[in-house]
Amino acid sequence: MKSISSVCALLLLLASPVLAGDDASGPEAERVGPSAADPRHRPAGCDTCEVDNPASSKAQPPPAASFSWPKGVRGALSISFDDARESQVDHHSAALFKKYGIRVTYFVSLTNVEKKQDLWRAVAAEGHEIGNHSVHHPCSGNFPWIGPGERALENYTLEKIDAELLEANRSLRQMLGVTPVSYAYPCGLDFVGRGENRASYVPVVARHFLVGRGYRGEYFNDPAFCDLAMVQALGVDHDGLAQLKSYADQALATGYWLILVAHEVPQHPGGEGLSTGNIAALGEYLQAKPELWVDTVGTIGAYVKSHRNLDQKNAKERQQR
Ligand SMILES: [Zn+2]
Numbered sequence: 000m001k002s003i004s005s006v007c008a009l010l011l012l013l014a015s016p017v018l019a020g021d022d023a024s025g026p027e028a029e030r031v032g033p034s035a036a037d038p039r040h041r042p043a044g045c046d047t048c049e050v051d052n053p054a055s056s057k058a059q060p061p062p063a064a065s066f067s068w069p070k071g072v073r074g075a076l077s078i079s080f081d082d083a084r085e086s087q088v089d090h091h092s093a094a095l096f097k098k099y100g101i102r103v104t105y106f107v108s109l110t111n112v113e114k115k116q117d118l119w120r121a122v123a124a125e126g127h128e129i130g131n132h133s134v135h136h137p138c139s140g141n142f143p144w145i146g147p148g149e150r151a152l153e154n155y156t157l158e159k160i161d162a163e164l165l166e167a168n169r170s171l172r173q174m175l176g177v178t179p180v181s182y183a184y185p186c187g188l189d190f191v192g193r194g195e196n197r198a199s200y201v202p203v204v205a206r207h208f209l210v211g212r213g214y215r216g217e218y219f220n221d222p223a224f225c226d227l228a229m230v231q232a233l234g235v236d237h238d239g240l241a242q243l244k245s246y247a248d249q250a251l252a253t254g255y256w257l258i259l260v261a262h263e264v265p266q267h268p269g270g271e272g273l274s275t276g277n278i279a280a281l282g283e284y285l286q287a288k289p290e291l292w293v294d295t296v297g298t299i300g301a302y303v304k305s306h307r308n309l310d311q312k313n314a315k316e317r318q319q320r
């Protein structure tokens, strides 16, 4: 089990009144830096000239973050699965979630979807989200199952990953009739190249997708502030029901957006993944908590993007350029 105590400590530290979206003042507004009006901050021999001072009247402080969930909602949870493993469709996870009114996100491997295309079409038709997980699942060559060849991110370029993500979207459109708006970084890794040529491919994901989902993060997402091109997610393949319930409780306690990631859907408890028994028990638990919004990564991501002043400000700046 992961060290949830450290997660809790961080969350308590981060739990923020901005989520209520109603407190733009507070101690931060009181903090004022050195001012050009203060003669101590003017260059020697210059009594009237303008000073390039970050706290001068020209510099605007960032606006206070504001965000609010829909009426009656106090936090959000997304459940996601990676790699289109056979157990996800063989053990009918999509139908099981639907029984509890829950839509989840499947970040799929193209080769696995190809093998069971009809079953995956049914998953999409049930209203679940199909997300992009690349074509070749590139990760660090340090993983023995990747090795030092073409699938190693160390040997990738930004152009190569850009083309691959678009190719995956094209293939999914052809096979399942959907165009993904969410992407999950394979292994949670967001770089290409090495040394001086190493670069983040988060900007590539930001160009093509509404949400980029990380993996094995240690914290939840502050909806007022998080980077939608790299939202954090917790791996739950080894978590029991009590831990899963406590994650849901923490999403409510903090008002943040929590994303869970599993790989397999075993039919028996104790196996790796989110078992059918735990899906049913968690489904019942969540049904009794209507104040926790449970929906796909893409749906909650779209709400976050359109309901916070951070993105409104960025959109305005883009229009002005
Ligand atoms: Zn994966």
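In numbering that gives the first Met the number 0, the protein residues as written are 0 to 320. For each residue, glycine too, the CB sits at the ideal point set by N, CA and C.
Going by the C-beta, is residue 136 closer than 7 Å to any heavy atom of ligand 1? One-based indexing of the sequence shown puts residue 136 at position 137. Yes, ligand 1 has a heavy atom inside 7 Å of this Cβ.
Per-residue DSSP class, three states only, for residue 199: By one-based count along the sequence shown, residue 199 stands at place 200. It is a strand residue.
Test item: CB-CB of residue 235 and residue 257 under 8 Å: Translated into the one-based positions of the sequence shown, residue 235 becomes position 236. Translated into the one-based positions of the sequence shown, residue 257 becomes position 258. Pairing residue 235 with residue 257 gives a Cβ-Cβ distance that is not under 8 Å.
Could you tell me the alpha carbon to alpha carbon distance between residue 91 and residue 276, rounded to whole angstroms? Looking up residue 91 in the sequence shown gives position 92. Looking up residue 276 in the sequence shown gives position 277. Distance between the alpha carbons of residue 91 and residue 276 is about 12 Å.
What separation, rounded to the nearest whole angstrom, lies between the Cα atoms of residue 110 and residue 319? For the purposes of this step, residue 110 is identified with residue 111 of the sequence shown, where counting begins at 1. For the purposes of this step, residue 319 is identified with residue 320 of the sequence shown, where counting begins at 1. Near 43 Å, if we compare the C-alpha coordinates of residue 319 and residue 110.
Residue 132 vs residue 185 beta-carbon contact at 8 Å: The residue you call residue 132 lines up with position 133 of the sequence shown. The residue you call residue 185 lines up with position 186 of the sequence shown. Yes, these two residues count as a Cβ contact at 8 Å.
State the Cα-Cα distance for the pair residue 191 and residue 203, rounded to the nearest angstrom. Mapped onto the sequence shown, residue 191 falls at position 192. Mapped onto the sequence shown, residue 203 falls at position 204. Distance between the alpha carbons of residue 191 and residue 203: 11 Å.
Assuming residue 107 and residue 79 make a contact with CB atoms under 8 Å, what is their CB distance in whole Å? Locating residue 107 in the sequence shown gives position 108, counting from the first residue. Locating residue 79 in the sequence shown gives position 80, counting from the first residue. 11 Å between Cβ atoms; not a contact.
Taking the C-alpha atoms as reference points, what is the distance between residue 208 and residue 247? If you number the sequence shown from 1, residue 208 lands on position 209. If you number the sequence shown from 1, residue 247 lands on position 248. Cα-Cα distance, rounded: 26 Å.
So what does DSSP say about residue 303, is it helix, strand or coil? Numbered from its first residue, the sequence shown carries residue 303 at position 304. Residue state, collapsed to three classes: helix.
Output needed for residue 216: all residues of its chain with C-beta closer than 7 Å, excluding positions within five of it in sequence on either side, in chain order. Here residue 216 corresponds to residue number 217 of the sequence shown, with the count starting at 1. Contacts found: 231, 232 and 233.
By alpha-carbon positions, which one of 308, 309 and 302 ends up nearest to residue 68? Position 69 of the sequence shown, counting from 1, holds the residue named residue 68. For the residues 308, 309 and 302, the minimum Cα distance to residue 68 belongs to 302.
From residue 157 to residue 287, what does the alpha carbon distance come to, in whole angstroms? Counting from one through the sequence shown, the residue named residue 157 turns up at place 158. Counting from one through the sequence shown, the residue named residue 287 turns up at place 288. Whole-angstrom Cα-Cα distance: 45 Å.
I want to check one thing, is the minimum distance from the CB of residue 127 to the heavy atoms of ligand 1 below 7 Å? Within the sequence shown, residue 127 is the residue found at index 128, counting from 1. Relative to ligand 1, the beta carbon of residue 127 is positioned no closer than 7 Å to any heavy atom.
Does residue 246 come out as helix, strand or coil in the three-state DSSP assignment? Position 247 of the sequence shown holds residue 246. Correct three-state label for residue 246: helix.
Cβ neighbours of residue 155 in the same chain (closer than 7 Å, five flanking residues each side left out): Here residue 155 refers to the residue found at position 156 of the sequence shown. These residues qualify, in order along the chain: 137, 191 and 192.
Within the structure, which residues are defined as neighbours of ligand 1 by a Cβ-heavy atom distance below 5 Å, reported in chain order? 81, 82 and 185
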